[in-house]
Every structure is written in structure tokens, then in C-alpha cells.
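Participant: Okay, handing you the structure first.
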Amino acid sequence: MTMILAEALTKVYAVAIKEPGLKGTLNHFLHRTYRSIEAVRAVSFAIQPGEVVGFLGPNGAGKTTTLKMLTGLVYPSGGHVRVAGYNPFRREAGFLQKITLVMGQKQQLIWDLPTLDSLKINAAVYDIPERIFQQRLGELTEMLSLGDKLTQPVRKLSLGERMKAELLAALLHQPPVLFLDEPTLGLDINAQISVREFLKEYNRRYQATILLTSHYMADITALCDRVLLIHEGQLIYDGNLERLLTRFAPYREVKVELATACSAEQLLTYGELAALEGCWARILVQREALTRTVARLLAELEILDLTITDPPIEEVIGRVFDTGLVV
Ligand SMILES: Nc1ncnc2c1ncn2[C@@H]1O[C@H](COP(=O)(O)OP(=O)(O)OP(=O)(O)O)[C@@H](O)[C@H]1O
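Residue numbers for the sequence shown follow full-length UniProt numbering, so the first one is 1 and each next one is one higher.
Take a look at the structure:
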């Protein structure tokens, strides 16, 4: 059974327009006018059980709106959705047991209470028997390395600990489908890594299906083989991350340290000049010309150091969004 299915999913928001000044305010009350924002346009995809899929797009591309439609928080203007066999808009109890939605910038834990108290409330809401509650609590606390943190008021936790506690609360009912909107937002590198590791382990242990948005490409590369790219409300790519990178980054980055500074014009004869600072230069070279170009660089210039790397994924994805190409 397909776990998450979106067919021609569309959302058009009607936004009231208000002119400035007193006249505008009066008009706004008397004859309100609206303009339409097509946040999501005919988006279709199918995600199978156990898949971890990255959902990427620039700000305002329509990611959160799509997640809200998949979780039944926003009613679509068109199209069809099915998650774990349910129609999300009915908000049936069975559906709510199957999913969770974690938003990095919103919290569900009660600020002044210890996490444990919020967890007990969640256990009651989801009708989790005491024995199962204790067992899941122990397992998740260990997986998240939260130790004795659960008895402290939430406001005393660090940002990373709070995010882990949020995940614990969101997963207590052991949902098979996870919608995660920026779960590592604002966390330091170590906290990002431990959230990532936890999600990887959670997916492995419970074969959970995960749809994840993140502005940190390290989250995506660590967790997702497959990505969905959305641009101005339209799905422009659905497939393997590796394939996307090879297609949109047919070049490699050659970083050189020169014995003496060189002009940009001279370096441009080797490839596209990405940066030049004093004696350091970053040159983008087509993959098929790499060996030839490196040989030329070493023969023609006095090189102190040379490294070859793949371009940063952020840069490649940025190029895809800049072109807005439908793949
Ligand atoms: N409730 C709303 N009413 C009107 N317009 C909205 C509403 N929510 C979102 N939008 C608009 O819909 C478009 C898509 O927004 P959405 O939040 O889905 O994008 P996003 O990809 O999640 O962006 P970000 O990465 O910045 O969170 C934007 O133009 C946004 O301004």
C-alpha cells in the first residue's frame, strides 16, 4: 500500500487586499477585495512504506502548505490525498494515530511543565496503556539520550534538548508516518547530528515513512535517497538525489594555491572561476575535462596546493531552483 499519495494537489489562498490609510481601512470593511495566491499547483507523488523523502524548495515554494494538506490541517482547493489509507480531512481518530507532524518553529510541549507531564497528557490523548507508555518512554528516552532531562521544566532545556523532547512527545503513539518540517532548525551542529542519527535509527527500527523538509542539506544527504523539489508551487523533480547532482553538477571544483597571484583572465582559460582571493582560486571544471585541465594547471602554473571536490550540494540545488527547470 502506498503510504503517502498526492494527486494533482492544489491550494489557492484568497488573501484580502487592504489599501493604506483610513479610506483603505473603511473600504476593507465595506467591500473587501481578494487576490489569489497559488501556493501549490497540481502536485503529485507517491511515497512507499519505510521511505525517507526530502522535500526541498526555496522560501515560499509551498512545502508547509503541502504538509498541512497531507496532515488535514488545510483543505485543498483541488486534487486528492491519501495517507496511510485515510483521507486526512476527515481527521478520524485512526488517522491521527498513524501520523505525526513536527514543526521546528512550533512547540507542543508546555513551557513551564516538565516534559514528563506533557508526555502523560499525550499518552491520555492517544489512549496509550500505562505499560506500553512506560516501555516506549524508556526506549525513546534512550534513543534520544534524554536521560534525566524529562523531569526538568521545558523552559530549562537547551534548544537541542527541547527539540529531542518534542520528537519524543510526537512519537509516543508510535506513528508509522512522520511529517517533519525543519526539525533541526536553529540547532547547533552536534544537536543537528543527534536528531539526524535518531531519525535514521527510528526509521530503521520501525520502518517509519518520513517526509522531511530542511534547509540543511546535511540532513537530506544523511537521511534521504529520494528528494522532491518544489518551486513556485510546482513539483520540478521527484527522484534520486545522486542522479540530480550528476545531472546538475556536471563539473568538479578544483581549489588551487598558487605561488604567485594570477589574473582572473588567465585562470578563466581553465574553467569557470568561482572565487579568487589572493593566491587562492576555486575553478569549476567540466568532469570530462578534469584530467586534462589539472595536467595543464600543474604544467603551466606554479602550484603549491591542489584539491578536487564535488561542489557543495546547496550550490547545485540553488542552480536547479534558479533555472526553475522541470525535470
Ligand atoms: N494562510 C495563508 N494565507 C495566504 N497565503 C499563504 C498562507 N500560508 C502560506 N501562504 C503563501 O503561500 C505560499 C507558500 O507558502 P509555504 O509556507 O507553503 O511555503 P514554504 O515552502 O513552506 O516556505 P518556507 O520555506 O519559507 O517555510 C507563500 O507565497 C505564502 O506567502
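Backbone N, C-alpha and C fix where the C-beta goes; we use that ideal spot for every residue, glycine too.
#1: Please classify H31 as buried or exposed, where buried requires at least 16 neighbouring CB atoms within 10 angstroms.
#2: Out of curiosity, what's the CA-to-CA distance linking A61 and R91?
#3: One question on the structure: do A275 and E302 come within less than 8 Å of each other, judged by their Cβ atoms?
#4: Looking at the structure shown, is V53 part of a helix, part of a strand, or coil, going by DSSP?
#5: Does the segment 47 to 58 touch the segment 210 to 217, meaning 3 or more C-beta pairs lie closer than 8 Å?
#6: Are there 16 or more other CB atoms within 10 angstroms of the CB of residue 370, so buried, or fewer, so exposed?
#7: Check each residue's C-beta against every heavy atom of ligand 1 and list, in chain order, those closer than 6 Å.
#8: Tell me, to the nearest whole angstrom, how far the beta carbon of L56 is from that of I220; I am working on the premise that it is less than 8 Å.
#9: Following the continuous alpha helix (DSSP H) through G78, name the residue where it begins and the one where it ends.
#10: In whole angstroms, give me the CA-to-CA distance for L150 and Q97.
#11: Please classify P20: does DSSP put it in a helix, a strand, or coil?
#12: As a quick exercise: from Y237, A249, M103, T115, pick the residue whose alpha carbon is nearest that of G186.
#13: Indicate whether L228 and L235 have their beta-carbon atoms separated by less than 8 Å.
#14: In chain order, which continuous runs of the alpha helix (DSSP H) of length 4 or greater are located wholly inside the segment 198 to 267?
#15: Between the C-alpha atoms of C262 and Q152, what's the straight-line distance to the nearest angstrom?
Facilitator: This is what the structure holds:
#1: exposed
#2: 26 Å
#3: no
#4: strand
#5: yes
#6: Lying before the first or after the last residue shown, residue 370 is absent from the chain, which here runs from 1 to 327.
#7: Y13, V15, I37, A39, G57, N59, G60, A61, G62, K63, T64, T65
#8: 7 Å
#9: Where G78 is concerned, there is no enclosing alpha helix (DSSP H), although the beta strand (DSSP E) it sits in stretches over 78 to 83.
#10: 23 Å
#11: coil
#12: M103
#13: yes
#14: 217 to 223, 241 to 248, 264 to 267
#15: 59 Å
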